[in-house]
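Worksheet for the structure shown next.
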Amino acid sequence: MSAVTGQDEVFRFPASSGQRRLWLVDQLLPDSPVYNIGWRVGIDGPLDVAALGAALNALVARHEALRTWFAAEDGVPVQVVSASWTVPVTRLTGDVDAVVREEVGRPFALHGGPLLRAGLVEVAPDEHVLVLVLHHAIADGWSCAVLFDELARLYAAEVSGAPHGLPDLPVQYPDYAVWQREQADGGGFEADEEFWREALHGVPTVLSLPTDRARPATPTGRGAELRAGLDVPDGSFARLLAVFQCVLHRVTGQADFLVATPVAARTRPETEGLVGFVANTLPLRARFTPETTLGEVVAAAEEATVAALAHQDLPFERLVDIAAPQRTLAHAPLVQVMFAVEPVPPAREAGPVTFRPEAVANGGAKFDLSLTVERAGERWFARWQYDAELFTPETIAALHGVFAAAVHASRADRVAELALGDDAPQEPAVEVPAETAADLVFAALAEHPDAVAIEGALTCGELDRAANRLAHVLVAAGVRPDQPVALCLDRGAPMVVGLLAAWRAGAGYLPLDPSWPPARLTAMAAGSDVPVLVTDGAARAVTGQLTGPWVEVDLDTTDLAAQPDTPPAVQQHPGMLAYVIHTSGSTGKPKGVRCTQGGLAALLRAMGELMRLRPDDRLASITTPAFDVSTVEMLTPADQRRDARGAPGGRRGRRRAPACAHRADASDGRAGRSGELADDRRRRGCAGAGAVADQRRRGDDPRPGRRPADRRRDPDRRLRAHRDHGVLGGRGGVARAGPGAARPGGEGHLAVRAGPGAAPGAGGRDR
Numbered sequence: 138m139s140a141v142t143g144q145d146e147v148f149r150f151p152a153s154s155g156q157r158r159l160w161l162v163d164q165l166l167p168d169s170p171v172y173n174i175g176w177r178v179g180i181d182g183p184l185d186v187a188a189l190g191a192a193l194n195a196l197v198a199r200h201e202a203l204r205t206w207f208a209a210e211d212g213v214p215v216q217v218v219s220a221s222w223t224v225p226v227t228r229l230t231g232d233v234d235a236v237v238r239e240e241v242g243r244p245f246a247l248h249g250g251p252l253l254r255a256g257l258v259e260v261a262p263d264e265h266v267l268v269l270v271l272h273h274a275i276a277d278g279w280s281c282a283v284l285f286d287e288l289a290r291l292y293a294a295e296v297s298g299a300p301h302g303l304p305d306l307p308v309q310y311p312d313y314a315v316w317q318r319e320q321a322d323g324g325g326f327e328a329d330e331e332f333w334r335e336a337l338h339g340v341p342t343v344l345s346l347p348t349d350r351a352r353p354a355t356p357t358g359r360g361a362e363l364r365a366g367l368d369v370p371d372g373s374f375a376r377l378l379a380v381f382q383c384v385l386h387r388v389t390g391q392a393d394f395l396v397a398t399p400v401a402a403r404t405r406p407e408t409e410g411l412v413g414f415v416a417n418t419l420p421l422r423a424r425f426t427p428e429t430t431l432g433e434v435v436a437a438a439e440e441a442t443v444a445a446l447a448h449q450d451l452p453f454e455r456l457v458d459i460a461a462p463q464r465t466l467a468h469a470p471l472v473q474v475m476f477a478v479e480p481v482p483p484a485r486e487a488g489p490v491t492f493r494p495e496a497v498a499n500g501g502a503k504f505d506l507s508l509t510v511e512r513a514g515e516r517w518f519a520r521w522q523y524d525a526e527l528f529t530p531e532t533i534a535a536l537h538g539v540f541a542a543a544v545h546a547s548r549a550d551r552v553a554e555l556a557l558g559d560d561a562p563q564e565p566a567v568e569v570p571a572e573t574a575a576d577l578v579f580a581a582l583a584e585h586p587d588a589v590a591i592e593g594a595l596t597c598g599e600l601d602r603a604a605n606r607l608a609h610v611l612v613a614a615g616v617r618p619d620q621p622v623a624l625c626l627d628r629g630a631p632m633v634v635g636l637l638a639a640w641r642a643g644a645g646y647l648p649l650d651p652s653w654p655p656a657r658l659t660a661m662a663a664g665s666d667v668p669v670l671v672t673d674g675a676a677r678a679v680t681g682q683l684t685g686p687w688v689e690v691d692l693d694t695t696d697l698a699a700q701p702d703t704p705p706a707v708q709q710h711p712g713m714l715a716y717v718i719h720t721s722g723s724t725g726k727p728k729g730v731r732c733t734q735g736g737l738a739a740l741l742r743a744m745g746e747l748m749r750l751r752p753d754d755r756l757a758s759i760t761t762p763a764f765d766v767s768t769v770e771m772l773t774p775a776d777q778r779r780d781a782r783g784a785p786g787g788r789r790g791r792r793r794a795p796a797c798a799h800r801a802d803a804s805d806g807r808a809g810r811s812g813e814l815a816d817d818r819r820r821r822g823c824a825g826a827g828a829v830a831d832q833r834r835r836g837d838d839p840r841p842g843r844r845p846a847d848r849r850r851d852p853d854r855r856l857r858a859h860r861d862h863g864v865l866g867g868r869g870g871v872a873r874a875g876p877g878a879a880r881p882g883g884e885g886h887l888a889v890r891a892g893p894g895a896a897p898g899a900g901g902r903d904r
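If you read the sequence shown in this note's numbering, its first letter stands for residue 138, the second for the next number, and so on.
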């Protein structure tokens, strides 16, 4: 590769193959953020803003790609590299989530530059968020890892005055673009072209995914994202790709199709430390017969991947030419579905501060559907990015459930028999709002800040502020989004504050009943990988007997008043964890059930509708927080709770239903056993088996076409047991199962098609 030379203030070079493609996309979809690469970098510690700006601009001076924009010469794009360029670190204010979304979603102008921008939000004196946005034409995933490594070293050097120690770069990105052009013109890619010509011979170039809406003639690029936890027994690329291919085969019925995967394409050592758009896209072929087993698909995926990597330098644009697909603006050429396995970016120590980069969706969609399986230590996540013009959030959530179940399939299983879908015609979907339980609860608290949230304890505003303060403590203690926070607290205000604080931190909660044996509590916490355990003086004697690697936060000794009373800068979405509640263990070892924010939101809405709750209604809190019914008791009414712990025969001892009701208007479970509450459905709510029998003897029904609900003690059946002649649960109860919904299982299994209100099975079992 030749060195970049020149005497003028700007230098012109040929654009690489990938850059030419993005230039064309920009002409077709101007003002689109679809190729923005957005990062939200949390910065913990005493930040020197001037040093951060100096480090960032040292990075810009080091890499020519960061000083690049584009111009057209005779209709052909060329790179224009400025000799020097200063990128300001703009101070940003406002809600952090909103600011990040706005910055990442703001399009670039390729023809003028700059194609990099940086903004800084101060959350607290020692807590900042750096918003870094680049256009894909000047960077890729590998480049971002280089950027964060070097930014950390440059910042540390700025604040310490020591040399950064970074080696000189042997080449710059324009050198790579020139080399690529020389290879293409000089026959350097002939062997690669021959391989791909054979590999793609006769392959269908469109994967016909069933969509919720008609495909527009011209794509808008509007996308959406779902990120959810995943239990992965085998994290190899070939295994996960094969499972995804099996799901696509079962969903589409196609026996021959392509799935794209991104590769670094850094096959030359000179490019290791280079920032620029070097990455390539490789199409991997999948073929099926009625007898194909999962093991055969895994072996084929591994073989195809190894062979493709040996020929990864051929630009994707040339691959499209070889396959010669029929071109249309309606969908991406050659491949419409992407798959990748990537590590979650690690934190970087930068002198006195720590950088914590987190990728942010740009609101666009490059493909119809993309699945990235991410690994963070021992935890796995699925990041689904999809065309919002084609799919609804409910369909993608259902598809995630299918994939999450399929990763546990055996290699010997025939793909045609995998429990991936119900071939029966699907009924129309019930619309379920794409919201979180946290959205519902915190909106209610904000709407009535002076109303009583917990009698004798907190108003709504006080509860909100208390949860915010504790949330900052949890984040500082190491809690990260989608992790469970253990709450070893008795029923009452501390428990409610704790669970809401966990949500504010982006986490879920794991309730631990202090009256249970310490050995069982330790096993529950350890099995759920909790990073933090919250307790107070009342439970301290119990938590002192628990052993584990978690950090303990004592509400009675922690200075919560010193914490901000505004929420931490954490994003929420329906696929995130709401809580982990364990089964009773009647079939053996208790199993933790992970329930999502979207599922709990659907349940709360459905229960509120079922019981016709009014703003001044109260719900008796009579169960242990370790029983999932407690979520309805604590969270369904918007403004008030009544704690029945002082009532005779409360949660401990004999259950005397009328006393436990403690004047609650909308009661649950045993409170309705003797029928002493009013007959109105709003007041009866959901009843236990005794109340159901009483009502049947009396011949009355809580509403036409429905018999009373019999609430069971199984936390992965949050939709409760109903006998109904209509749509179960109303708006939030049952939704169209979506692509690949679970088939009926073996003898003794009951298949129920359910929407987001259904939790994954206990201990990783099928939904």
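The beta carbon of each residue, even a glycine, is placed where N, CA and C say it ideally should be.
Verify whether the separation of the beta carbon atoms of residue 421 and residue 378 is less than 8 angstroms. Yes; because the gap between Cβ atoms is below 8 angstroms, this pair is in contact.
May I ask which residues mark the beginning and end of the beta strand (DSSP E) holding residue 689? Unbroken beta strand (DSSP E) run through residue 689: 688-691.
Which same chain residues end up closer than 6 angstroms to residue 254 when comparing Cβ atoms and leaving out the 5 residues on each side of it in sequence? These residues qualify, in order along the chain: 270.
6 angstroms CB neighbourhood of residue 307 in its chain, flanking five on each side removed: Closer than 6 angstroms at the Cβ level, and outside the excluded window around residue 307, lie 407.
Work out the CA separation of residue 678 and residue 522 for me, nearest whole Å. Taking the Cα positions, residue 522 is about 47 angstroms away from residue 678.
Do residue 393 and residue 340 come within 8 angstroms of each other at the CB atom, strictly closer than that value? For residue 340 and residue 393, yes; Cβs fall inside 8 angstroms.
Closest residue to residue 713 among 702, 731, 374 and 720 (Cα-Cα distance): Minimum Cα distance to residue 713 is reached at 731.
Are the CB atoms of residue 616 and residue 668 nearer to each other than 8 angstroms? Against a cut-off of 8 angstroms, the Cβ pair of residue 668 and residue 616 comes out as a contact.
Could you compute how far the alpha carbon of residue 632 sits from the alpha carbon of residue 507? One alpha carbon belongs to residue 632, the other to residue 507, and they sit about 39 angstroms apart.
From what residue to what residue does the beta strand (DSSP E) around residue 632 run? From DSSP, residue 632 is part of no beta strand (DSSP E) but of the alpha helix (DSSP H) over 630-641.
Nearest to residue 517 (by Cα), restricted to the options 213, 152, 370 and 259: Closest option to residue 517, judged by alpha-carbon separation, among 213, 152, 370 and 259: 370.
Residue range of the beta strand (DSSP E) that includes residue 470: From DSSP, residue 470 is part of no beta strand (DSSP E); its letter is neither H nor E.
Going by the beta-carbon positions, is the gap between residue 657 and residue 705 smaller than 8 angstroms? For residue 657 and residue 705, no; Cβs fall outside 8 angstroms.
Uninterrupted beta strand (DSSP E) stretches inside the stretch 337-379 (no shorter than 3 residues): With a minimum length of 3 residues, the continuous beta strand (DSSP E) runs that stay inside the stretch 337-379 are 360-367.
Here's a check: name, in chain order, each residue in its chain whose Cβ is nearer than 8 angstroms to the Cβ of residue 644, leaving out the five neighbours to either side. Closer than 8 angstroms at Cβ, skipping near neighbours: 611, 616, 617, 618, 619, 620, 621, 622 and 714.
Which value, in whole angstroms, describes the spacing of the CA atoms of residue 321 and residue 399? Cα atoms of residue 321 and residue 399: separation of roughly 21 angstroms, rounded to the nearest angstrom.
Using CA coordinates, which residue listed in 365, 680, 440 and 647 is at the minimum distance from residue 709? Out of 365, 680, 440 and 647, 365 has the C-alpha closest to the C-alpha of residue 709.
Any idea which residues DSSP pairs residue 547 with across the strands? According to DSSP, residue 547 bridges with nothing at all.
Rounding to the nearest angstrom, what Cα-Cα distance links residue 198 and residue 740 in this structure? Using only the alpha carbons, I get a separation of about 54 angstroms.
By the three-class DSSP mapping on this structure, what secondary structure does residue 240 have? The answer is helix: DSSP assigns residue 240 an H, G or I state.
Whole-angstrom Cβ separation of residue 215 and residue 148, contact assumed at under 8 angstroms? Not really, about 10 angstroms apart at Cβ, beyond 8 angstroms.
Ignore the nearest five residues each way along the sequence and tell me which others in residue 430's own chain have a CB closer than 8 angstroms to its CB. Within the same chain, Cβ atoms closer than 8 angstroms to the Cβ of residue 430 are found at 548, 549, 550, 551 and 552, the five residues on either side in sequence being excluded.
If we call anything under 8 angstroms between Cβ atoms a contact, is residue 734 one with residue 574? Yes, the Cβ-Cβ distance between residue 734 and residue 574 is below 8 angstroms.
Go to residue 322, then tell me how far its alpha helix (DSSP H) extends in each direction, as first and last residue. Residue 322 -> alpha helix (DSSP H) spans 310-322.
What are the residues that DSSP puts in a beta bridge with residue 393? Answer is 424.
Out of curiosity, what's the CA-to-CA distance linking residue 659 and residue 613? Our two residues, residue 659 and residue 613, have alpha carbons roughly 23 angstroms apart in a direct line.
Closer than 8 angstroms by C-beta to residue 697: which residues in its own chain qualify, once you throw out the five before and the five after it? Chain order, please. Closer than 8 angstroms at the Cβ level, and outside the excluded window around residue 697, lie 603, 606, 607 and 610.
Is residue 523 helix, strand or coil when you go by DSSP? Residue 523 falls in the strand class under three-state DSSP.
Of all the options 453, 466, 265 and 419, which has the alpha carbon lying nearest to the alpha carbon of residue 443? Its Cα nearest to that of residue 443, the residue 419 stands out among 453, 466, 265 and 419.
Would you mind working out which of 275, 225, 210 and 200 sits nearest residue 159, comparing C-alpha positions? With distances taken between Cα atoms, residue 159 lies closest to 275.
Residue 426 classed as buried or exposed, judged by whether at least 16 other C-beta atoms fall within 10 angstroms: When all chains shown are included, residue 426 counts as exposed.
Same chain only: Cβ atoms within 8 angstroms of residue 281, ignoring 5 sequence neighbours per side: Correct list, in chain order: 174, 176, 271, 482 and 494.
Going straight from the alpha carbon of residue 246 to that of residue 707, what length do you get? For residue 246 and residue 707, the gap between their C-alpha atoms comes out near 30 angstroms.
Run through DSSP, which three-state label would residue 767 get? In the three-state reduction of the DSSP assignment, residue 767 falls in the helix class, which pools H, G and I.
Whole beta strand (DSSP E) runs in the stretch 168-218 with 3 or more residues, listed along the chain? As for any beta strand (DSSP E) of minimum length 3 sitting wholly inside the stretch 168-218, the runs are 173-181 and 205-210, ordered along the chain.
When the distance is taken between beta carbons, is residue 170 closer than 8 angstroms to residue 488? Between residue 488 and residue 170, the CB-CB gap reaches or exceeds 8 angstroms.
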